[in-house]
Every structure is written in structure tokens, then in C-alpha cells.
Amino acid sequence: MSLLDRRTVLKAGSAAAVVGLTGCGDSTDNAGGGATSSTPTTSSEPSSTAPAPTTTAPSSTAAPSTTTPSSSPSSNPNTSAPTLTSTAPNWNSFSRSLTGKLYLSSTSGYAAAHQLFNPRWDSVRPTAVVKAANPADVQKAINFARDNKLVLVPKSGGHSYVGASTIANGLQLDVGALRGMSYSNGILTVGAGARLYDVHAFLDRYGRSLPTGTCPTVGVAGLTLGGGMGIHTRTYGLTCDRVVSMGVFTADGKSHNVSATVDPDLFWALRGGGGGNLGVVTSFRFATIPATKLGFFRLTWPESQAAAVVRGWQKFAQTAPTTSWGNLHIDAQSNGTLSVHVLGISTTGNANAAAAQLESFVGAKASARSISVKSHLEAVKYLGGGTTSPRQGFLAGSDVLKGAMDAATITALLGEVKAAARAKTPASAILDPLGGQASKQPAGGASWPWRSALGVVQWYSSAQGTTAKTFIANGHRAVRSASAGAYVNYLEAGRAVSSYYGGSAAKLQAAKKKYDPSNFFHTPYTLA
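My numbering numbers the first residue of the sequence shown as 147 and each following residue consecutively.
#1: Any idea what DSSP makes of D409, helix, strand or coil?
#2: A203 to L250, Cα distance in whole Å?
#3: Figure out for me which residue from F443, L547 and D477 has the closest Cα to the Cα of K520.
#4: Alpha carbon to alpha carbon, how far is L319 from T483?
#5: What's the call for V758, buried or exposed, on a 16-neighbour Cβ count within 10 Å?
#6: Is the distance from the Cβ of L440 to the Cβ of I491 below 7 Å?
#7: Please classify K400 as buried or exposed, where buried requires at least 16 neighbouring CB atoms within 10 angstroms.
#8: Rounding to the nearest angstrom, what Cα-Cα distance links Y382 and A584 in this structure?
#9: What are the boundary residues of the alpha helix (DSSP H) that S470 is part of?
#10: Return the residue from the list R351, A656 and T312 that minimises the CA-CA distance to S330.
#11: Do T370 and T360 come within 7 Å of each other at the CB atom, strictly closer than that value?
#12: With which residues is S629 paired in a DSSP beta bridge?
#13: Any idea which residues DSSP pairs A592 with across the strands?
#14: Is it buried or exposed for T672, if we count other Cβ within 10 angstroms and need 16 for buried?
#15: What residue range does the alpha helix (DSSP H) around D293 cover?
#16: Between the beta-carbon of G309 and the beta-carbon of G326, is there less than 7 Å?
#17: Under a three-way DSSP split, which group does K615 fall into?
#18: To which residues of the same chain is T613 closer than 6 Å at the C-beta, ignoring the five residues directly before and after it?
#19: Taking the Cβ atom as the reference point for each residue, do F395 and V284 lie within a distance shorter than 7 Å?
#20: Spatial neighbours of K286 within its chain, please: CB distance less than 7 Å, with the 5 preceding and 5 following residues excluded, ordered by chain position.
#21: For my contact list, A454 and A415 are in at a C-beta cut-off of 8 Å; report their separation, rounded to the angstrom.
#22: Given a cut-off of 7 Å on the beta-carbon distance, is the pair G422 and T669 in contact?
#23: Give every residue of the same chain whose Cβ lies closer than 8 Å to the Cβ of P663, excluding the five residues on either side of it in the sequence, and list them in chain order.
#24: In angstroms, rounded to a whole number, what distance separates the CA positions of V364 and S391?
#25: With C-beta atoms as the reference, is S470 less than 7 Å away from A514?
#26: In this structure, does DSSP put R271 in helix, strand or coil?
#27: Please state whether DSSP places I333 in a helix, a strand or coil.
#28: What is the residue span of the beta strand (DSSP E) that H487 lies within?
#29: By the DSSP assignment, the alpha helix (DSSP H) with G458 in it spans what residues?
#30: Count the other C-beta atoms from every protein chain shown that fall within 10 angstroms of the C-beta of G353, then say buried if there are 16 or more, exposed otherwise.
#31: Please state the DSSP three-state secondary structure of Q261.
This is the structure we're talking about:
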């Protein structure tokens, strides 16, 4: 897997469209073609400018069985059957009420309809899938699931690391068709299902952008609701920090257009608390940023310099200008050695200065060095490995670094990746810096809890399940003394739910009790 292929996976973030406390971002249809520069809608219903597609109801007249045993992977806990009513749901009536389409297990196209980005979750079979064509379909799906005591799990781009946007024997609500976009006076209005590349391509027409991750097919909802880290994080903050307002349906089926002044506690909770706990977002309004040329650098060092590179990267993350960003890749190679390099960005275009500063912190010149300047949209394509992403199987996890790791912790981290290399296990530790604007609370506040952290280390492996799990677990142990918790957009089966929310947990729980007192939105990753 190439560097950019791996980044396609690792910068995905969560893409379940649900909002609240879980998160982790399929196709890249261009949603910007019919967009206008009109003022965003302010109707009482959560808005999406996505056009409603012409659809047909499924031909099956039989209600699907609700006792089919799950064949999902054992590492995915989203497999328990919901509590059912004594009367089977009236799927035909529900289907006729939708503008979009309902897929039952007997419906042609069902297999493709419920797929996520990661093929590991293909065996998880929802009872039904709703492809919402508009916000009204979202509202109807919530009401239908609640009235029939069905578990409902929303999906945007479907990139959840743990398959959180699907569930066995429940209702999957896909908002991927809500992709419409409009731009006016610095504000982007966008449907929750829009994919990141389409968002960047649309905004590029206006010379504008957003701070996002790099995977082109991630849905904007999952990324935003879990925070949203990327190359502009230090300069402009997280994706969630740029949100001005959101359209959301809560568990009672009511619509809310939340902002810093309307339902401010819900607005706060949705900005970085992750997906899966408080409602289903259908639209966002973002304050955009300038789309400028970016300076790129890539510096590579031999394995013998690995510890010095980690120390230098930490100092870079702590002291470099907020216009500089660089993530450190430590990759296990098939020949038993480590590949160590930093891929960096200067948002001012001066990559030479940023690269020189990093080399000075490492205390050794890179053995290989490349510098380039790219337009903003060229940079988006480069970082995403193109405009689409092939489906890939992998496991991943994370640790939020509360500060610089000491020498023993660095040695332990490198030791785990070296052990993977010796065992011919495809594995990586990838360190993303925080700081800069990410350390500051945006106007209106945000629930993303890691403002004072140094960065996030991602543990990634495309090996078979047990081997990958072992590598990730060993990685956690290696950095335990430096870890503050985990990033909710990189959910991990078996990890303590509380580890994702830090100091925001109590306030998030209060929002849960207020907006979803019956715990309608729940998954194994919900902070109830």
C-alpha cells in the first residue's frame, strides 16, 4: 500500500452521520453541479440542498425476518438484535411514504446498499436500509424506527473504523444522497452526505476551502461531528470549529437548527463529540477559509535516526509556526526494517523554511528530501491519492498524546513497529500534530476534548484480524504513560468509551439526558 493509499484510510475520520458521542469517513458523485450562490435556507426543517432522486419502492411484500442470526465479525459489537414489537413493522407502508428508497434483504441492490468503506463489515446485515432523498425521509425513518422499537444507525460516508454505521437486525439510515451545496458571503451550506473531494472542488470555484481530513470519499458529517483533523488544523482549527449552524433531527423526530445562540448545548455537543448519540444531522453551514497554494516537503531518515526524528517532530509540534504542519510516518517494511519520514505542509507556501526547521530539531539532515508547491485543489488530490478511494480492509486505533513522550516511551513505540517489521506484519504508527488554532476554543464552544494535547498517534494495520489487534494493543501499552485518551473519529472495538471524551464527558452526558432521555440513539460506543 502506498503512502497516499494509507493516508486515504487513516485520514478518513468517522463518517456515521449520527451526532453525539460516537464516530468513526463511498462514492464521489459531484454534488456541486447544481449549486448556487443563494443565501442558505432558514426553514424550520433542517435543510439540505440535495435534489431528491427519482426512486421506486422495493417490490418485496413480505416483512423480513427479525431473528436472522448475525454473521458479523466478532470484533464488531453492533450485532445485537433490537427489541421488537409484537406486530411486525409495516415495511410496505413505510416504503411508500419515502421519496428515497427502502432496501430489504430481499430487495435487488441490498448488498451494495448496506456496504461500508471497510470490507471487514460486509457480513453485518441490517434488517433494512433507508436511502434518504431529503430531510423529510430522515425524519420518517427516525419516527418509524422509534415506533417499531428498531435500532437505527445512520451512515454518511461509511468510513467508521469499527463499522459503527451499520448494525445487524436494525435499520441503517443512509444520508449519503444529501450532497447539495451552496455558497454565499464566505458561508458554505452543505448536505450531510457530501464527500470531501466534492466539497473542496465546489469551494475551489470561489477560492475558498475548509480545514478537513484528506480521504476524498469521507462524508462531511462523520468527519465534522468527531472533530476533523488535517493539514490546516494548526492554522485554522478543526473542521467542527468552522461550523456556524447545523440542521438536526433528535430522537423525538423534531427538527432543530442549532447554533451558538439556538440550542447552544446541543450545538456544543455536536461540535466534536462524535456521532451516534443525540440525533441525525442533515445539513451544515461552515465559515470557509482561503484556498491558497501550499508548500509541501517530505523528509526521510534512516532507521538509525528514528528516535531522533520522533524527538524532533515533538519539538516541531510544540514550537513551529501555526502555518507549519507535518505528520510523522513510522512504517514496518516487508524487509524487516522501518521507513521513517515526515510529510509536511507550509500554508504560506514556504516549505523550505519549515523543512529546515524540522531538520534542525532532529539534529540530522534528511537522507532524502523533496520540496514542491501545489495549488489547493492539486494538494487535495495529492493527499487523497486521487479523487476516489478503493475499499480497503484494515484495523486501526489511536492515542492522544498529552505531551512530549520521554525517551523510554519513544523506544517502546519504535520497538513495537520494529517487531511488526520483523514479523512481516504490515503496520504503521502515524503521528499527527495538534497545537496552534486547534488549542483554542471556537466561538460558541466545542465538545472536542483534546485542546491541550501535543498530537495523535494512529495505529494502523492491514494484517489479518488477530495480528492487527495485537499490534494495536501493543502500541497502546507502549505509549500508555503519555496517552490522555483516544480520538473519537478513530473508534476501536473494546476500548473504554470514556477514553474518547476526556473533560467533556459530564456535559455530553447532560446533553444526552436532555435530548435523548430514552436512549433511542445507542451503540456500544455511546456515552450514556
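For each residue, glycine too, the CB sits at the ideal point set by N, CA and C. Keep in mind it's a predicted model, so treat the numbers as computed, not measured.
Reading off the structure:
#1: Along the sequence shown, read from residue 1 onward, the residue named residue 409 stands at position 263. The answer is coil: DSSP assigns D409 none of H, G, I, E or B.
#2: As a first step, residue 203 must be located in the sequence shown, where it is residue number 57. As a first step, residue 250 must be located in the sequence shown, where it is residue number 104. In this prediction, A203 has a pLDDT of 36, which is less than 50 and means its spatial position is unreliable; what the coordinates show is noted afterwards. Distance between A203 and L250, taken at the CA atoms: about 10 Å.
#3: Here residue 520 refers to the residue found at position 374 when the sequence shown is read from its first residue. The candidate whose alpha carbon is nearest that of K520 is F443.
#4: Walking along the sequence shown from the start, residue 319 turns up at place 173. Walking along the sequence shown from the start, residue 483 turns up at place 337. Between L319 and T483, the C-alpha separation is close to 44 Å.
#5: A query on residue 758 cannot be resolved here, the shown segment of the chain reaching from 147 to 674 and no further.
#6: By one-based count along the sequence shown, residue 440 stands at place 294. By one-based count along the sequence shown, residue 491 stands at place 345. For the pair L440 and I491, the CB atoms are nearer than the 7 Å cut-off.
#7: In the sequence shown, residue 400 corresponds to position 254, counting from 1. It is exposed - the Cβ of K400 has fewer than 16 other Cβ atoms within 10 Å.
#8: Here residue 382 corresponds to residue number 236 of the sequence shown, with the count starting at 1. Here residue 584 corresponds to residue number 438 of the sequence shown, with the count starting at 1. Roughly 7 Å between the two C-alpha positions.
#9: Here the question's residue 470 lines up with position 324 in the sequence shown. Note, S470: premise wrong, no alpha helix (DSSP H); beta strand (DSSP E) at S470 to A478.
#10: Stepping through the sequence shown from its first residue, residue 330 is reached at position 184. Ranked by Cα distance from S330, the first of R351, A656 and T312 is R351.
#11: Locating residue 360 in the sequence shown gives position 214, counting from the first residue. Locating residue 370 in the sequence shown gives position 224, counting from the first residue. No.
#12: Position 483 of the sequence shown holds residue 629. Beta-bridge pairing by DSSP links S629 to L547.
#13: One-based indexing of the sequence shown puts residue 592 at position 446. In the DSSP output, where bridge partners are listed per residue, A592 has none listed.
#14: Position 526 of the sequence shown, counted from the first residue, corresponds to residue 672. Counting Cβ neighbours within 10 Å, T672 comes out buried, since at least 16 surround it.
#15: Translated into positions along the sequence shown, residue 293 becomes position 147. For D293, the enclosing alpha helix (DSSP H) has its first and last residue at P281 to D293.
#16: Your numbering for residue 309 matches position 163 in the sequence shown. Your numbering for residue 326 matches position 180 in the sequence shown. Their beta carbons are not under 7 Å apart, which means G309 does not touch G326 by this criterion.
#17: Position 469 of the sequence shown holds residue 615. Correct three-state label for K615: helix.
#18: Mapped onto the sequence shown, residue 613 falls at position 467. Residues of the same chain with a CB within less than 6 Å of the CB of T613, apart from the 5 flanking positions on each side, are T571 in chain order.
#19: The count along the sequence shown starts at 1 and reaches residue 395 at position 249. The count along the sequence shown starts at 1 and reaches residue 284 at position 138. If you check the CB distance, F395 and V284 come in under 7 Å.
#20: Numbered from 1 along the sequence shown, position 140 holds the residue referred to as residue 286. Excluding positions up to five away in sequence, the list reads S243 and L244.
#21: As a first step, residue 454 is located in the sequence shown; it is residue number 308 there, counting from the start. As a first step, residue 415 is located in the sequence shown; it is residue number 269 there, counting from the start. The Cβ separation is near 42 Å, so there is no contact.
#22: As a first step, residue 422 is located in the sequence shown; it is residue number 276 there, counting from the start. As a first step, residue 669 is located in the sequence shown; it is residue number 523 there, counting from the start. Against a cut-off of 7 Å, the Cβ pair of T669 and G422 comes out as a contact.
#23: Counted from its first residue, the sequence shown places residue 663 at position 517. The answer is none, since no qualifying residue turns up.
#24: Along the sequence shown, read from residue 1 onward, the residue named residue 364 stands at position 218. Along the sequence shown, read from residue 1 onward, the residue named residue 391 stands at position 245. Here the alpha carbon of V364 sits roughly 20 Å from the alpha carbon of S391.
#25: Along the sequence shown, read from residue 1 onward, the residue named residue 470 stands at position 324. Along the sequence shown, read from residue 1 onward, the residue named residue 514 stands at position 368. Against a cut-off of 7 Å, the Cβ pair of A514 and S470 comes out as no contact.
#26: In the sequence shown, residue 271 corresponds to position 125, counting from 1. Three-state DSSP puts R271 in coil, outside helix and strand.
#27: Start at 1 with the first residue of the sequence shown, and residue 333 comes out as number 187. Judged by DSSP in its simplified three-state form, I333 adopts strand.
#28: Along the sequence shown, one-based indexing puts residue 487 at 341. Looking at the DSSP string, the run of the beta strand (DSSP E) that includes H487 is L484 to S492.
#29: Position 312 of the sequence shown, counted from the first residue, corresponds to residue 458. Taken as a continuous stretch (DSSP letters only), the alpha helix (DSSP H) holding G458 covers A452 to T465.
#30: Position 207 of the sequence shown holds residue 353. Under this definition G353 is an exposed residue.
#31: Start at 1 with the first residue of the sequence shown, and residue 261 comes out as number 115. DSSP places Q261 in coil when its eight states are reduced to three.
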